[in-house]
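Participant: Once you've had a glance at the structure underneath, I'll fire off some questions.
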Ligand code: NAD
Ligand code: UDP
């Protein structure tokens with residue numbers, strides 16, 4: 212296949228490029244580098260099966276030759292990033308998804324949208340199943356991301372229903388691993404960087420919020436299987452092992468063998484407004500339709516992430 216990946220220079224996009232190349236496909240990576248880094252793709256320089264195009268996908272995407280699949284991953288993804296870039300986030304979810312769908316139509320390609328557990332907002336159903344419609348504040352600070360992704364899902368389903376485009380939607384739950392930006396503000400790089408520096412590990416709120424963390428290779432495998440499957444409705448991909456942020460902070464301090472202390476802060480900016488209190492994927496559908504489930508334990512995954520961040524700190 213010839214596969215186009217938007218957001219290719221980002222954390223997940225770059226790992227997807229690697230996976231598709233390893234499976235023998237050709238990859239075109241498109242990115243405007245707003246939150247990604249070309250360093251994530253440096254190892255692919257000179258690879259004849261890989262082409263990088265620097266482009267903002269909210270503008271028309273012109274590609275010569277055939278394309279068999281379009282994977283739309285371009286979007287700021289860290290709460291810090293989408294609070295810093297609210298309008299680009301809304302634009303890439305709306306206009307960028309429109310352009311990526313248009314490209315898939317033009318080429319007769321399969322289309323896969325990177326959606327998110329944030330479509331469930333601050334969930335009232337726990338764990339979250341794909342048939343839950345969510346609890347999102349459209350006008351809160353997170354609304355720029357959540358509503359952009361909800362619009363992107365609606366647009367994708369409209370192209371499937373009205374243009375008969377062959378589409379997939381993955382709802383990604385918190386994923387971590389090498390190539391996350393160390394300053395991107397998400398809890399995994401933040402806590403690892405703080406622990407490695409010996410700085411205080413900063414918990415927002417009282418530490419009782421929960422998340423469930425998936426290692427990147429597991430997520431990429433789930434996405435690959437979804438693209439190759441016939442499943443046209445949204446599928447949750449994530450690791451259901453749930454913990455409080457306090458437990459997570461303690462785990463990072465243990466694995467880094469750090470002397471850091473834990474502090475509880477209430478950020479004065481809008482970082483924790485509407486911050487979901489709990490999050491855990493129900494992955495029954497992925498298990499049944501994709502024969503997928505995560506394989507990497509939290510300790511193994513975090514040790515790999517820590518090994519990546521250590522020389523960067
Ligand atoms: P990331 O910030 O590392 O990667 C996003 C990439 O998109 C960056 O390289 C950025 O430069 C690029 N981009 C943004 N706007 C663009 C535009 N207009 N044109 C071209 N490129 C643009 O984030 P990530 O964690 O790799 O997330 C990738 C995708 O997965 C996002 O769509 C995100 O919403 C989704 N997702 C990720 C997670 C996670 O835990 N990592 C969870 C849920 C959903
Ligand atoms: N968090 C925290 N300290 C940090 C960064 C994040 O306590 O330094 C919390 C945040 O409030 C949220 C959870 O960790 O409850 C996960 O945050 P992240 O930014 O990774 O992404 P989210 O899951 O909210 O999209």
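Residue numbers (my numbering): 212 to 524. All C-beta atoms, glycine included, are put in the ideal place defined by N, C-alpha and C.
(1) Return yes when at least one heavy atom of the ligand UDP lies under 7 Å from the C-beta of residue 385, else no.
(2) How many Å lie between residue 216 and residue 229 at the Cα?
(3) State the CB to CB distance for the pair residue 469 and residue 388, rounded to an integer number of angstroms; the pair is presumed to be in contact (CB under 8 Å).
(4) Helix, strand or coil for residue 402? Go by DSSP, reduced to three states.
(5) If you reduce the DSSP assignment to three classes, tell me which class residue 492 lands in.
(6) Are residue 450 and residue 496 closer than 8 Å when you measure CB to CB?
(7) At a cut-off of 7 Å, is residue 413 close to the ligand UDP when judged by its beta-carbon and the heavy atoms of the ligand?
(8) Could you give the residue range of the alpha helix (DSSP H) that holds residue 430?
(9) Keeping to the same chain, check which residues put their C-beta closer than 6 Å to that of residue 282; ignore five residues upstream and five downstream.
(10) To the nearest angstrom, how far is the alpha carbon of residue 355 from that of residue 329?
(11) What are the start and end residues of the beta strand (DSSP E) that includes residue 217?
(12) Evaluate the contact criterion for the segment 337 to 348 versus the segment 491 to 509: three or more CB pairs, one atom per stretch, below 8 Å.
(13) For residue 380, list the residues DSSP reports as bridge partners.
(14) Check each candidate in 484, 426 and 244 and name the one with the smallest Cα separation from residue 516.
(15) Alpha carbon to alpha carbon, how far is residue 475 from residue 412?
Facilitator: On the basis of the supplied data:
(1) Mapped onto the chain shown, residue 385 falls at position 174. At a threshold of 7 Å, residue 385 counts as near the ligand UDP, since its beta carbon sits closer than that to one of the ligand's heavy atoms.
(2) As a working mapping, residue 216 is identified with position 5 in the chain shown. As a working mapping, residue 229 is identified with position 18 in the chain shown. Cα-Cα distance, rounded: 11 Å.
(3) Working through the chain shown from its first residue, we reach residue 469 at position 258. Working through the chain shown from its first residue, we reach residue 388 at position 177. Wrong, their Cβ atoms sit about 20 Å apart, outside the cutoff.
(4) Position 191 of the chain shown holds residue 402. Helix at residue 402.
(5) Indexing the chain shown from 1 puts residue 492 at position 281. Residue state, collapsed to three classes: strand.
(6) Taking the first residue of the chain shown as 1, we reach residue 450 at position 239. Taking the first residue of the chain shown as 1, we reach residue 496 at position 285. Taking 8 Å as the cut-off, the Cβ atoms of residue 450 and residue 496 do not count as close.
(7) The residue you call residue 413 lines up with position 202 of the chain shown. At least one heavy atom of the ligand UDP lies less than 7 Å from the C-beta of residue 413.
(8) As a working mapping, residue 430 is identified with position 219 in the chain shown. DSSP places residue 430 inside the alpha helix (DSSP H), whose first and last residues are 427 to 439.
(9) By 1-based counting over the chain shown, the position of residue 282 is 71. Close CB contacts of residue 282 within its chain, under the 6 Å cut and outside five residues either way in sequence, are with 216 and 323 (chain order).
(10) One-based indexing of the chain shown puts residue 355 at position 144. One-based indexing of the chain shown puts residue 329 at position 118. Just so you know, the alpha carbons of residue 355 and residue 329 end up roughly 11 Å apart.
(11) Locating residue 217 in the chain shown gives position 6, counting from the first residue. Counting along the chain, the unbroken beta strand (DSSP E) around residue 217 starts and ends at 213 to 217.
(12) Counting Cβ pairs under 8 Å, three or more are found: they touch.
(13) By 1-based counting over the chain shown, the position of residue 380 is 169. Answer is 324.
(14) Within the chain shown, the letter at position 305 stands for residue 516. Here the closest residue by C-alpha is 426.
(15) If you number the chain shown from 1, residue 475 lands on position 264. If you number the chain shown from 1, residue 412 lands on position 201. Using only the alpha carbons, I get a separation of about 8 Å.
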